[in-house]
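Engineer: According to UniProt numbering, the sequence shown is numbered sequentially starting from 1. No residue lacks a Cβ here, since even glycine has one placed at the ideal position from N, Cα and C. Got a structure here, written out as structure tokens. Questions coming.
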Amino acid sequence: MEKTFQPAEIETRWYDEWEARGYFAPQGGEKAYSIMIPPPNVTGSLHMGHGFQEAIMDALIRYHRMAGYNTLWQVGTDHAGIATQMVVERQLEAQGISRHELGREKFVEKVWEWKEQSGGTITRQLRRLGSSLDWSRERFTMDEGLSNAVQEVFIRLYREGLIYRGKRLVNWDPVLHTAISDLEVISEEEQGHLWHFNYPLAGGEGHLTVATTRPETMLGDAAVAVHPEDERYAHLIGRMVELPLTGREIPVIADDYVDREFGTGCVKITPAHDFNDYEMGKRHGLPMINILDDDAAIGGEAPEAYLGMDRFEARRKIVADLDALGLLEKIEDHTLKVPRGDRSGIVIEPYLTDQWYVDARELAKPAIAAVENGDITFVPKQWENTYFAWMRDIQDWCISRQLWWGHRIPAWYDDKGNVYVGESEESVRAENHLADEMSLHRDEDVLDTWFSSALWTFSTLGWPEETEELKIFHPSSVLVTGFDIIFFWVARMIMMTLHFRKEVPFHTVYVHGLVRDAEGQKMSKSKGNVLDPIDLIDGIELEELVQKRTAGMMQPQLAAKIEKTTRKQFPDGIAPYGTDALRFTYFSLASTGRDVKFDIGRIEGYRNFCNKIWNAARYVMMNCEGEDCGQDESLPIERSLADRWIVSKLQETEADVARAFASYRFDLASQALYEFIWNEYCDWYLELSKPVLWDENASPEAKRGTRRTLIRVLETWLRLLHPMMPFITEEIWQTVAPLAGKSGETIMLQPYPVADPGAMDSAANADIEWLKGVIVGIRNIRGEMNIPPGKELTVLMKNGSDEDQRRLTENAPFLKKLARLKEVTWLAATDEAPVAATALVGELEILVPMAGLIDKDAELARLAKEVDRLEQELKRVQGKLSNSAFVDKAPAAVVEKEREKMQAQEQALQQLQEQERRIRQM
């Protein structure tokens with residue numbers, strides 16, 4: 001093994017080897033386990049959320065693969081209709097070409113060219129993360145097989161009456177000229193205004209005052225609504241008001257939706273331009289008056305004076321015109337949530353258009369039952385409540401998009417507007433007995449990207465054909481996803497799969513939290529708190545870091561933290577933490593249901609963990625390579641107490657990890673592995689092995705037993721750790737496996753360790769815990785009394801039990817070597833102990849006589865200086881906390897931190913004074 005762990009060197013090499021040898025493909029086995037990757041956008045690149053999600057799925061796949069399951073992790077990407085079309089349009093615009101100049105067919109060809117050349121960024125990054133996806137089965141939502149599945153589903157749903165075309169309100173992007181889903185709308189608080197207008201009562205007897213944040217929509221008002229129990233307006237219900245600027249009269253209606261406490265209690269109702277108003281308009285039979293065009297300019301049924309104006313230009317003119325008429329009551333500053341398209345950044349308009357819809361209510365019924373009866377389980381379970389809330393109030397699903405890139409809707413129209421749905425124009429003509437001379441034109445729209453991804457679990461396995469893969473791997477085992485797409489994707493997959501397969505798409509939905517920054521803020525480019533997982537894996541040049549900070553792409557404090565961490569470990573300016581360290585950081589934070597606060601400092605700690613693993617393996621190999629490690633099972637071995645203890649602790653760890661994986665508690669699995677490997681194996685067992693391995697008088701059987709335990713426990717925990725840290729475990733396992741009696745090409749196809757209750761040894765556990773307690777007690781005394789670690793000590797023991805005496809007798813050689821002791825003496829209860837520093841292990845007193853160990857005067861002088869420093873610091877903090885101005889005005893967290901500091905200083909001062917008292921008694 002190399003002296004130092006170099007992740008960059010081993011990770012790419014091993015991944016290429018795994019993929020080339022086909023290890024990621026199903027390996028057979030009686031039980032099947034499958035996960036379908038949430039298909040990332042073909043335009044995308046790996047962000048921290050992706051990294052977190054992919055690491056979780058890969059750990060589950062590797063774990064079950066090693067546990068003997070016939071395992072499939074299905075890979076694929078989504079065609080990402082809007083995002084991909086925008087990328088290619090911008091490239092064309094840079095060349096001075098518009099898609100309309102090219103025409104639809106040529107434009108789609110350009111998109112396919114881009115996909116082939118540049119669409120693989122995210123799949124390359126998935127490989128860099130160590131994802132053991134079956135690349136031989138890679139799918140794309142626009143490939144031929146999936147396109148056939150999409151067409152089949154659309155046609156069947158249409159013929160069953162579950163797909164229809166209708167005019168309804170949608171989120172409209174005026175730049176992209178398409179309907180978009182709620183998920184593609186970002187609503188954030190912005191500063192705006194609330195305009196109050198007076199609408200005169202018909203007949204000139206007064207007016208009603210309404211308030212609005214969108215004055216331009218008043219041109220499409222169809223009513224003014226009041227609460228039916230609002231006494232102020234009860235006498236006006238059923239009356240008419242004059243709608244200014246339009247020459248129309250509109251009724252005053254009563255509806256429970258109206259909030260009597262907001263504004264004046266009168267609400268203008270614009271059914272064609274507000275989702276809530278739309279529902280109210282349907283309840284009251286109000287007209288749908290459209291006053292916008294596709295560009296969100298004034299059009300439709302608006303008054304001629306405003307036609308063609310941009311909506312915001314019209315807003316200014318309408319306010320001015322109403323003011324001139326004396327109908328502007330007042331303008332207030334107002335904070336409101338403004339909906340913007342996540343791609344275009346433009347303000348989204350509720351817009352009345354003809355679109356295709358799925359009757360989601362019918363499809364939702366079996367989908368709700370599947371979760372109610374336990375066929376599908378959510379982890380954490382509380383997300384079922386979110387699922388039910390959405391599904392029980394589900395609205396019909398708008399599935400059409402006004403784009404060119406996507407699955408084109410298989411519908412044709414004749415000159416009279418009749419619609420015909422089928423596989424092709426030829427089949428439509430044949431099925432409907434249409435004459436060849438009858439003109440037909442195909443629907444220009446494409447299907448919502450979520451429509452094709454709703455079929456993902458079964459379309460990727462070859463449906464509508466009844467393939468062998470469908471029989472083996474469907475339903476899939478678990479879906480790993482974020483809570484933000486439970487409705488948009490998870491629910492729709494459940495609905496579609498139950499309808500077309502009569503079975504659930506998956507048995508478990510594991511819902512993970514969002515990856516946030518160290519302060520708990522959502523990561524976003526605008527905030528400058530985004531971390532690139534590839535930068536963390538492969539390192540980032542300090543020069544690039546400075547550029548990101550200067551360009552506002554990264555917060556100065558975050559950039560400074562990364563730079564500090566980088567320079568600390570990597571003076572040349574690049575911090576390649578490696579994939580294993582990043583993955584283990586993810587797992588350590590993966591508590592079910594909670595968002596992840598990602599602190600750059602944690603990955604540094606797990607890079608150190610990798611180094612610890614590497615160095616431990618090197619120690620084992622240096623002591624075992626070329627030696628008798630018990631490979632010959634016929635030769636006798638003698639296992640020490642430490643050998644029996646570490647094997648017992650290994651069984652406990654194996655059981656803990658199995659329970660954690662079963663409950664999706666990756667944080668608990670990583671914690672169990674970390675504590676066993678770092679604390680038990682590296683810090684204690686390797687030290688406890690030295691007295692045997694380095695003792696010339698130790699028997700061959702004892703040395704053989706310890707070497708065998710060293711190497712076999714190491715090999716076992718490498719397999720135990722592999723699903724979480726695949727690269728370092730593979731690299732080390734290749735060297736260790738032969739000495740441990742293991743054969744095989746790769747660790748990833750080795751059996752996963754299973755706890756053996758028969759190998760658990762409670763007696764060995766108790767004896768080693770006693771030994772550790774004594775050693776730690778002596779080490780603490782050394783630290784407290786400033787005794788050099790290499791100085792041999794005389795130790796006295798007193799007031800212990802017979803069991804303590806037995807343990808001392810049996811473990812004296814370990815104690816002397818590991819605690820650097822010259823002599824250990826057991827004092828009778830009547831013996832008087834000298835002045836000594838004391839530690840306790842249960843009732844047992846461990847005494848280290850101080851005489852001759854330290855320079856009494858020098859130590860007292862040092863302590864006096866330290867006591868004085870602490871007293872001065874304590875006085876400063878006490879003064880700060882006694883100052884009411886500070887306590888009352890400072891943030892509570894700051895005050896609490898000062899109090900904690902004071903308590904820590906008081907405790908430290910007491911310890912120093914006690915130490916001073918004991919030395920004076922010498």
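To the nearest angstrom, how far is it from the Cα of residue 941 to the Cα of I331?
Structural biologist: Absent from the structure is residue 941, since the part of the chain shown begins at 1 and ends at 922.
Engineer: Leaving out the 5 sequence neighbours to the left and right, which residues in its chain are closer than 8 Å to I711 when beta-carbon positions are compared?
Structural biologist: Cβ within range, chain order: V620, C624, C629, V736, L739 and A740.
Engineer: So is M142 buried or exposed if we call it buried at 16+ other beta carbons inside 10 Å?
Structural biologist: buried
Engineer: Locate the beta strand (DSSP E) running through S762, then write down its first and last residues.
Structural biologist: That residue, S762, is in no beta strand (DSSP E); its alpha helix (DSSP H) goes S762 to M785.
Engineer: Specify, as a first and last residue, the run of the alpha helix (DSSP H) that N276 falls within.
Structural biologist: F275 to H284
Engineer: For F727 and G130, I'd like the C-alpha separation in whole angstroms.
Structural biologist: 8 Å
Engineer: Kindly provide the ranges of any alpha helix (DSSP H) runs that are 4 or more residues long and lie completely inside the segment 326-396, ordered along the chain.
Structural biologist: 360-372 and 383-391
Engineer: Cα-Cα, which of S400, V241 and I269 is closest to N171?
Structural biologist: S400
Engineer: Who are I250's beta bridge partners in DSSP?
Structural biologist: V241
Engineer: Closer than 8 Å is the cut-off here; do at least three beta carbon pairs connect the segment 146-154 with the segment 45-60?
Structural biologist: no
Engineer: Are the beta-carbon atoms belonging to I122 and A222 less than 9 Å from one another?
Structural biologist: no
Engineer: Classify K471: buried if its beta carbon has 16 or more other beta carbons within 10 angstroms, exposed otherwise.
Structural biologist: exposed
Engineer: Counting only the same chain and skipping the five closest in sequence on each side, list residues whose C-beta sits under 6 Å from that of Q85.
Structural biologist: L403 and W405
Engineer: M1 by DSSP, collapsed to three states: which one?
Structural biologist: coil
Engineer: Using 8 Å as the Cβ pair cut-off and three pairs as the minimum, do the segment 286-304 and the segment 337-353 touch?
Structural biologist: yes
Engineer: Assign L157 to one of three DSSP states: helix, strand, or coil.
Structural biologist: helix
Engineer: Whole angstroms are fine: how far does the CA of V894 sit from the CA of D888?
Structural biologist: 11 Å
Engineer: Flag this pair as touching only if the segment 205-220 and the segment 229-243 have three or more C-beta atom pairs under 8 Å; answer yes or no.
Structural biologist: yes
Engineer: To the nearest angstrom, how far is it from the Cα of E519 to the Cα of K597?
Structural biologist: 7 Å
Engineer: Assuming I781 contacts A839 under a Cβ cut-off of 8 Å, what Cβ separation, rounded to an integer in Å, is found between them?
Structural biologist: 6 Å
Engineer: Does the Cβ-Cβ distance between A364 and I318 come in under 9 Å?
Structural biologist: no
Engineer: Output needed for V358: all residues of its chain with C-beta closer than 7 Å, excluding positions within five of it in sequence on either side, in chain order.
Structural biologist: L157, L162, I163, D396, W397 and I399
Engineer: Return the residue from the list K865, E769 and G879 that minimises the CA-CA distance to V841.
Structural biologist: With distances taken between Cα atoms, V841 lies closest to E769.
Engineer: If I follow the unbroken alpha helix (DSSP H) through V657, where does it start and stop?
Structural biologist: For V657, the enclosing alpha helix (DSSP H) begins and ends at L641 to A662.
Engineer: Could you tell me the boundaries of the beta strand (DSSP E) in which G166 lies?
Structural biologist: I163 to D173
Engineer: What whole-angstrom Cβ distance do P813 and G68 have, given they're in contact under 8 Å?
Structural biologist: Actually they are not in contact, since the Cβ atoms of P813 and G68 sit about 43 Å apart, beyond 8 Å.
Engineer: Between which two residues does the beta strand (DSSP E) harbouring E189 extend?
Structural biologist: For E189, the uninterrupted beta strand (DSSP E) segment begins and ends at V185 to P200.
Engineer: Hey, how far is the Cα of L536 from the Cα of G482?
Structural biologist: 22 Å
Engineer: Please name the residue in G605, L714 and F275 whose C-alpha comes closest to that of residue 926.
Structural biologist: Coverage of the chain is limited to positions 1 through 922, which leaves residue 926 absent and any answer about it impossible.
Engineer: Cα-Cα, which of T335, G758, N811 and A833 is closest to D767?
Structural biologist: N811
Engineer: So, is G247 buried or exposed, given that buried needs 16 or more other C-beta atoms within 10 angstroms?
Structural biologist: Label assigned to G247: exposed.
Engineer: What are the start and end residues of the beta strand (DSSP E) that includes P849?
Structural biologist: L844 to P849
Engineer: Is it the case that the Cβ atoms of L720 and V657 are separated by a distance below 9 Å?
Structural biologist: yes
Engineer: From the DSSP output, in three-state form, read off W310 for me.
Structural biologist: Rather than Trp, the amino acid found at residue 310 in this sequence is Asp. Three-state DSSP puts D310 in a strand.
Engineer: Is it buried or exposed, W112, if we count other Cβ atoms within 10 angstroms and call 16 or more buried?
Structural biologist: exposed
Engineer: Specify the secondary structure class of V511 as computed by DSSP and reduced to three states.
Structural biologist: Reduced to three states, the DSSP call for V511 is strand.
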